[in-house]
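Q:
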Amino acid sequence: MLSVALLCASLSFQGTGSAHASNDASQPDQVIQWNRTLLQILQTPGAQPATVHPTRSMAIVHLAIYDAVNAIRGGHAPYLVVHAPRSASPDAAAAAAAHTALLSLFPTQQSMIDAKFQDSLSQIGGGAHVRQGIRVGKKAANAILAARANDRSDSTPPVFMPQSGPGEYQLTPPNFKQPVFTNWSDVRAASRIYAGQHFRYDEDAGRALGEINSTTRSADQTDIGRFWGAAPVQNVWNQIAQTAGVSFANSLEQNARMFALLDTSLADGVIALYDSKYAYHRWRPVTAVQAADNDGNPDTTGDPNWTPLAVTALDPSYAGAHAEISQSAATTLRDFFGTDRLDFSLTNPSLPGIVRSFQSFSEAADEAAVSRIYAGQHFRYDEDAGQALGDQVGDFVFDSILRPVAHGR
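Residues -15 to 393 (our numbering) make up the sequence shown, in order.
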């Protein structure tokens, strides 16, 4: 059984099994090390611009690492074309690609990023092959950064103007702030994905289970609701991928491809997700329950004092983000490894005593989805739609990019 300690205020990782590094068997390889650094930066307050979704940064970093490693080792199609000598160090290329991409994305974190790069070089060593690898990594990262420079992620999010009527999203308590990422559906996807679904829904189940003092929700369901809301869900799935990479004894190039596919799937899925959220602009449970006297349904009654277990997220309800992100991750990892099966446990230092254990990627994705119903964030139809969308995105990305090529180059 493997254990992953989730991110809270700081990054931690626990696991069993052997890891792969160039010169130090006690260290995971450069791909996993730099994924940890990426997650640590994303947990640093103010590092990620508030109007830029973090999955974009994840995809850029790991596509850069992938192209750098793949340019040397070959075997799969590049994301962008990068030519490199076979003699170049793939470890140095991975580290330099991550270093270059992160410096561009997070300039205020330069001291941390530079320190990690020096740590990587101390593990890798020196020589002409290392210098070649560094040049390859920088070239790959700069190519990815240039390709994403005009992807519309820096556009000003438009002000959302709520419409009146039952089902329409309204600003939510306690602070009634503007919703987030109102511009994100316009961002150019890395894999050209575009998908959407619509499902019927049952509001009564969410009302009973999601209320802060619910007598219907079990203690375990309450733990589930609290647990999956305690860390950014895309970070959780990157840590699950770290564990999977070690468990399945991935090589450096396998980890490079796995994280590139995973984080591209997450990034493109979030674009499609926000397209759905602002196309349908469906209300959250807190609005639906409090305003039920005026929803046009004679069988419902309002409760102006109804409060969800967790503070409502700042965006429309449909489709569910935890469901979409988790399912796209689970589908991508299943497709990559050729199996859904992995025994692992999740913990979070901010929630001592809560341990969530799973036997598959899909089991974790299902729990992440239903957790938002238990937390009073979503209705079942949000989660069904999110999982359907995530499954489409995961399969599409895996089938569309970074595919095996003949003759290894």
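The beta carbon of each residue, even a glycine, is placed where N, CA and C say it ideally should be.
Nothing here was measured: the structure is a model prediction, and the numbers come from that model.
Indicate the three-state DSSP secondary structure (helix, strand or coil) for M32 in the structure shown.
A: The amino acid occupying residue 32 in the given sequence is Gln; Met does not appear at that position. Note: Q32 maps to coil in three-state DSSP.
Q: How would you call T323, buried or exposed, if buried means at least 16 neighbouring beta carbons within 10 angstroms?
A: exposed
Q: Given a threshold of 16 other Cβ atoms within 10 Å of its Cβ, counted over all protein chains shown, does Q371 qualify as buried or as exposed?
A: Under this definition Q371 is a buried residue.
Q: Report the three-state DSSP secondary structure of V114 (helix, strand or coil).
A: helix
Q: Three-state secondary structure (DSSP) at P292?
A: strand
Q: Excluding the five sequence neighbours on either side, which residues of its own chain have a C-beta within less than 7 Å of the C-beta of Q32, listed in chain order?
A: Excluding residues within five positions, the ones whose Cβ falls inside 7 Å are L26, P38 and S41.
Q: May I have a chain-ordered list of the alpha helix (DSSP H) segments no shorter than 4 residues that lie completely inside the segment 23 to 109?
A: 38 to 57, 74 to 89 and 94 to 108
Q: Quick one, are the C-beta atoms of R57 and E237 less than 8 Å apart?
A: It is a contact, given that the beta carbons lie within the stated cut-off.
Q: My understanding is that R191 touches V273, with C-beta atoms under 8 Å, so please give their C-beta distance in whole angstroms.
A: Between V273 and R191 the Cβ distance is about 5 Å, and since that is below 8 Å, they are a contact.
Q: Might you give, ordered along the chain, the residues of its own chain that have their beta carbon closer than 6 Å to the beta carbon of Y264, omitting 5 neighbours on each side?
A: Y302
Q: Find the nearest neighbour of S346 within the set I224, A233 and D383, judged by alpha-carbon distance.
A: The residue among I224, A233 and D383 with its C-alpha nearest the C-alpha of S346 is I224.
Q: Output the distance between the C-alpha atoms of A55 and H67, rounded to the nearest integer angstrom.
A: Computed Cα separation, rounded: 6 Å.
Q: Runs of 4 residues minimum, wholly inside the segment 236 to 312: which ones carry the alpha helix (DSSP H) assignment?
A: With a minimum length of 4 residues, the continuous alpha helix (DSSP H) runs that stay inside the segment 236 to 312 are 236 to 264 and 269 to 274.
Q: How many whole angstroms separate the CB atoms of P292 and Q361, which I take to be in contact at a CB cut-off of 8 Å?
A: 7 Å
Q: Enumerate, from N- to C-terminal direction, the unbroken alpha helix (DSSP H) stretches of 4 or more residues contained entirely within the segment 339 to 383.
A: 345 to 358
Q: Does the beta-carbon distance from G470 to E367 come in below 8 Å?
A: No statement about residue 470 is possible, as the shown extent of the chain runs from -15 to 393 and does not include it.
Q: Only counting the same chain, and skipping five residues up and downstream in sequence, which positions put a Cβ closer than 6 Å to that of N159?
A: none
Q: What number of angstroms, rounded off, separates the C-alpha of A52 from the C-alpha of A79?
A: Straight through space, the alpha carbons of A79 and A52 are spaced by roughly 9 Å.
Q: For H182 and G151, I'd like the C-alpha separation in whole angstroms.
A: Caution is warranted here: a pLDDT of 34 is assigned to H182, below 50, making its placement in the model unreliable, and the coordinate value is therefore given only provisionally. When rounded, the distance between both Cα atoms is 14 Å.
Q: With DSSP as the reference, please indicate the residues paired to R325 in a beta bridge.
A: Note: R325 sits in a beta bridge opposite S344.
Q: Go through its chain and collect everything with a Cβ distance to K123's Cβ below 7 Å, but skip five positions before and after it.
A: Result list for K123: V66, in chain order.
Q: Express the C-alpha separation of S355 and G149 in angstroms, rounding to a whole number.
A: Between the C-alpha atoms of G149 and S355 there is a straight-line separation of about 28 Å.
Q: Note down the Cα distance separating Q154 from D13, rounded to an integer number of angstroms.
A: 46 Å
Q: Take A72 as the anchor and find which of S312, R172, G121 and A34 has the nearest alpha-carbon.
A: G121
Q: For S104, count neighbouring Cβ atoms within 10 angstroms of its own Cβ and tell me buried if that reaches 16, exposed if not.
A: buried
Q: Output the distance between the C-alpha atoms of N289 and H306, rounded to the nearest integer angstrom.
A: 26 Å
Q: Name the DSSP bridge partner or partners of P158?
A: Under DSSP, P158 forms no beta bridge with any residue.
Q: Just grab the DSSP bridge partners of P388 for me.
A: H60
Q: Less than 8 Å between the CB atoms is what I'm expecting for A297 and G286, so what's the real figure, rounded?
A: The Cβ separation is near 22 Å, so there is no contact.
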